[in-house]
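Notes follow the structure.
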Amino acid sequence: MMRIGFGFAALLALCIVGFSGGAEAARCGNNASGFEAWKRQFAAEAQARGIGRRGISALMGTQYAYGTIKADRGQHSFKLSLDQFMQKRGASTIARQGRSKKAQNAALFAAIERQYGVPAGPLVAIWGLETAFGSYMGNQHTLSAVATLAYDCRRTEFFSDHLMAALQLIDRGRLSASQRGAMHGEVGQTQFLPKAILLYGVDGDGNGRVDLNSRADALASTANFLRAHGWRPGAGYQPGQPNYRAIQGWNAAGVYQQTIAIVGRQIDGG
Ligand SMILES: [Ca+2]
Numbered sequence: 518m519m520r521i522g523f524g525f526a527a528l529l530a531l532c533i534v535g536f537s538g539g540a541e542a543a544r545c546g547n548n549a550s551g552f553e554a555w556k557r558q559f560a561a562e563a564q565a566r567g568i569g570r571r572g573i574s575a576l577m578g579t580q581y582a583y584g585t586i587k588a589d590r591g592q593h594s595f596k597l598s599l600d601q602f603m604q605k606r607g608a609s610t611i612a613r614q615g616r617s618k619k620a621q622n623a624a625l626f627a628a629i630e631r632q633y634g635v636p637a638g639p640l641v642a643i644w645g646l647e648t649a650f651g652s653y654m655g656n657q658h659t660l661s662a663v664a665t666l667a668y669d670c671r672r673t674e675f676f677s678d679h680l681m682a683a684l685q686l687i688d689r690g691r692l693s694a695s696q697r698g699a700m701h702g703e704v705g706q707t708q709f710l711p712k713a714i715l716l717y718g719v720d721g722d723g724n725g726r727v728d729l730n731s732r733a734d735a736l737a738s739t740a741n742f743l744r745a746h747g748w749r750p751g752a753g754y755q756p757g758q759p760n761y762r763a764i765q766g767w768n769a770a771g772v773y774q775q776t777i778a779i780v781g782r783q784i785d786g787g
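Here the numbering used here is used: the first residue of the sequence shown is 518, the next is one more, and so on.
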């Protein structure tokens, strides 16, 4: 390096930044004004990482998601106690309705437990907490939401990762470019972010494709997620028991984790 003239070294450095510099290459922004320029930079980076034409064109078709940013800025960071959280999320209703959901889908849950070792309770609890059993999955354009959050300066790195995963999924035909879901890019009945779909999505109903809007696909994928996070068939999932750790992988909030365990137990009848 010492022997390379300054001009060439600087040029080389620029090339390195331009072609393999990771997220730093595309500059984040806090309003819509830089989004189009950022998209072109991210597209170049994605192309360099092997994303093909279908993914790139889906990215270029995204629009700055004002609704997503509004929802993101409006998130309150105050902490709820476990009781407050459970009341706010309707935990007792979820437990009551969850018992019927378990009974109505008994064959599906039995098949999932055979394959992944995860019983119905925590799966039904997650299903109820995330989308009220598939009754509200959101109507935001998923790729625009994820691209906007990747561009936004608040959590650039986290969402850039999800955006790259979403582009891979689209490229491979595993996610539709027109997919819609929740405000932060979560998809389907148990609200998977793109990277989770890529890593843990499975075809639960056996129709040959992974579609998280499908009940069986979403629940099997959720069981697969828990299994991949260390779930041990037959072991307990309450705080202090071996499978609580897998539940902790689902959501970072302690009150959320405890609610899954409590509601899950109420559904499983333990
Ligand atoms: Ca399927």
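Each residue gets a CB set at the ideal place from its N, CA and C atoms; glycine is no exception. Please read all numbers here as calculations on a predicted model, not as lab measurements.
Can you give the Cα-Cα distance for residue i and residue j, rounded to whole angstroms?
i: G539; j: R570; result: Bear in mind that a pLDDT of 48 at G539, under 50, signals an unreliable position, so the number given afterwards is only what the model happens to contain. Cα to Cα, the separation comes out at about 20 Å.
i: T579; j: G567; result: 19 Å
i: R631; j: A637; result: 11 Å
i: D688; j: A565; result: 14 Å
i: R697; j: T648; result: 14 Å
i: Y773; j: S695; result: 30 Å
i: F559; j: C545; result: 10 Å
i: Q755; j: G645; result: 18 Å
i: F675; j: D600; result: 30 Å
i: T659; j: A699; result: 7 Å
i: R691; j: G723; result: 14 Å
i: G535; j: A563; result: Because G535 sits at a pLDDT of 40, beneath the cut-off of 50, its placement in the model cannot be relied upon, and the point is left open.
i: M519; j: N768; result: In this prediction, M519 scores a pLDDT of 33, lower than 50, which makes its location untrustworthy; the coordinate-derived value is nonetheless stated afterwards. Rounded to the nearest angstrom, the two C-alpha atoms are 49 Å apart.
i: I784; j: R557; result: 49 Å
i: A735; j: A642; result: 13 Å
i: P759; j: Q604; result: 27 Å
i: A682; j: R613; result: 36 Å
Say yes only if the C-beta of residue i is nearer than 7 Å to one or more non-hydrogen atoms of ligand 3, and no if none qualify.
i: N724; result: With respect to ligand 3, the structure shown offers nothing to examine, as its ligands consist of ligand 1.
Along the chain, where does the alpha helix (DSSP H) containing residue i start, and where does it finish?
i: H679; result: 673-688
i: Q783; result: 771-785
i: N730; result: Here N730 belongs to no alpha helix (DSSP H), and DSSP marks it neither H nor E.
i: R764; result: The sequence given here places Ile at residue 764; Arg does not occur at that position. Run containing I764: 761-765, per the alpha helix (DSSP H) assignment.
i: W555; result: 552-565
i: V641; result: 637-648
i: P711; result: 711-717
i: Y581; result: Y581 -> no alpha helix (DSSP H), and no H or E assigned at all.
i: S574; result: 570-577
Could you tell me whether the Cβ atoms of residue i and residue j are closer together than 8 Å?
i: L469; j: L715; result: Absent from the model: residue 469. The displayed extent of the chain is 518 to 787, so no value can be given.
i: T800; j: R606; result: Since the displayed the chain opens at 518 and closes at 787, residue 800 lies outside it and no answer follows.
i: L640; j: V663; result: no
i: H746; j: G766; result: yes
i: L684; j: A575; result: yes
i: G718; j: L710; result: no
Can you pull the DSSP bridge partners for residue i?
i: D669; result: G546
Would you say residue i lies against chain C (beta-carbon separation less than 8 Å)?
i: V719; result: No chain C appears in the structure shown, which is made up of a single protein chain.
Taking 8 Å as the threshold, find out whether the region 703-713 comes into contact with the region 638-655 through three or more Cβ pairs.
-> Contact holds: three or more Cβ-Cβ distances are below 8 Å.
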